[in-house]
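There are 2 protein chains.
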Amino acid sequence: MGEIVGYKLRRAQLFVFQDFIESFAKMKLRPAEFSVLAIIARTPGQKQTEIAEQLGIKRANFVALMDGLERRGLAERRKAATDKRSHSLHLTPEGARFVDKMTSVWRNHEERLIERLGGPEARAALLDLLGRLLDDPER
Amino acid sequence: MGEIVGYKLRRAQLFVFQDFIESFAKMKLRPAEFSVLAIIARTPGQKQTEIAEQLGIKRANFVALMDGLERRGLAERRKAATDKRSHSLHLTPEGARFVDKMTSVWRNHEERLIERLGGPEARAALLDLLGRLLDDPER
DNA sequence: TATTGTTATACTCTATAACTATA
DNA sequence: TATAGTTATAGAGTATAACAATA
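Those protein sequences? They're chains A and B, same order as listed.
Per our numbering: the first sequence = residues 21 to 159.
Per our numbering: the second sequence = residues 21 to 159.
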């Protein structure tokens, strides 16, 4: 099975997620929540559907995810003045502090991966190859 | 998010699985079933728990999977003479023909990935990097 | 006592349809 | 009519506990 790209990709992804999940167990943060906070931190004010789409999450499933972040006081929905149907998403001050902590935990996790891969060049090579599969324009 | 190994790995895995699933839609074969048939074909006679463990599937969840393959006449459980608790797994003759077809469909899928990656060397490089993450001894 | 296969069950993710309020 | 957010729901995939038969 080691010659099958999809299989090995899946096993590697599960391994990396396992490390990720353990890293964030204390913060009670799951991968999807991490990604939502990261996106909001980088570009505040986007509406739900925009963020869900970027992450490949169905907007229906995004609701409960965002409910959780809002209940924890990390992010908030604001009624958009221009379009009263939509919510623009922002971090709370506490959410901004949380993201700082989260980023530092993530760096440790990423550092562990770099060591396994054999250095930063290997990580860059992996990101490049994955980007080719995805046809990523920012590659 | 493009700089986060786990995230990009996940997206790439989903993309590859999507192509895989579409490739095998006509054969009504899911990734887990593919992997079980491939393992049985390569090493017939192993018992359920051994195969499940190799694939990272819990033995409880393996039961329904194997039920399905048996119901379709592709694989079968044989009572092991030495240990009457265990089942040794084998392909049926129809299962063997199915695996041939399956392998050729898989090759097309894999060929598509190689093109995206930019050639067989790129695929080899990707498998190597993923193997490093997994600490794969057969790398 | 321990292990193999099994059942039952629960939890997370994901996918779809249909509703409401706005546009 | 169409869109943003929402609700309800169903299907995978995965995890654990407990049981019967056998070791």
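Heads up, the beta-carbon is just placed ideally off N, CA and C, and yes, glycines get one too.
Using 8 Å as the limit for Cβ to Cβ distance, is A:S43 near chain B? no
Answer with yes or no whether the minimum CB distance from B:P51 to chain A is below 8 Å. yes
Compare the Cα-Cα distances from B:M21 to each of A:V25, A:E131 and A:L57 and report the closest residue. A:L57
Measure from the alpha carbon of B:R62 to the alpha carbon of each residue in B:L111, B:P140, B:R97 and B:N128, then state which is nearest. B:L111
Along the chain, where does the beta strand (DSSP E) that runs through A:E96 open and close? A95 to K99
Alpha carbon of B:I71 to alpha carbon of B:I59, nearest angstrom: 7 Å
Beta-ladder partner(s) of A:L4, from DSSP: Any answer about residue 4 of chain A is impossible in this case: the structure gives chain A only from 21 up to 159.
Looking at the strands, I want to know which residues DSSP matches up with A:K67. A:S108
Anything in chain B within Cβ reach of A:L89, meaning under 9 Å, just list it in chain order. The premise fails here: A:L89 is roughly 17 Å from chain B at the closest Cβ pair, so nothing lies under 9 Å.
Find the nearest neighbour of B:R79 within the set B:L85, B:D155, B:T69 and B:L109, judged by alpha-carbon distance. B:T69
Do you know how far the Cα of B:G88 is from the Cα of B:R97? 12 Å
Judging by CA-CA distance, which residue of B:N81, B:P113 and B:L109 is the nearest neighbour of B:A101? B:L109
Chain B partners of A:A142, CB-CB under 8 Å? L149 and R152
Would you check if the distance between the CB atom of B:R127 and the CB atom of A:R152 is smaller than 8 Å? no
Is any heavy atom in the ligand PLP found nearer than 7 Å to the beta carbon of A:L109? The ligand PLP is not among the ligands present in this structure, which contains no ligands whatsoever.
Could you confirm whether any beta carbon from chain B is found closer than 8 Å to the beta carbon of A:R31? yes
Report all residues from its chain with a CB closer than 7 Å to the CB of A:E90; omit the five preceding and five following residues, and keep chain order. E96 and R97
Backbone secondary structure at A:F40 - three-state DSSP: helix
Please report whether the beta-carbon of A:G22 lies at a distance below 8 Å from any beta-carbon of chain B. yes
For A:M47, count neighbouring Cβ atoms within 10 angstroms of its own Cβ and tell me buried if that reaches 16, exposed if not. exposed
Go ahead and pull the three-state DSSP assignment for B:D156. coil
Under 8 Å between C-beta atoms of B:V36 and A:L133: no
If we define contact as Cβ-Cβ less than 8 Å, is B:V119 a contact residue for chain A? no
Reduced DSSP secondary structure (H/G/I, E/B, other) of A:R92: coil
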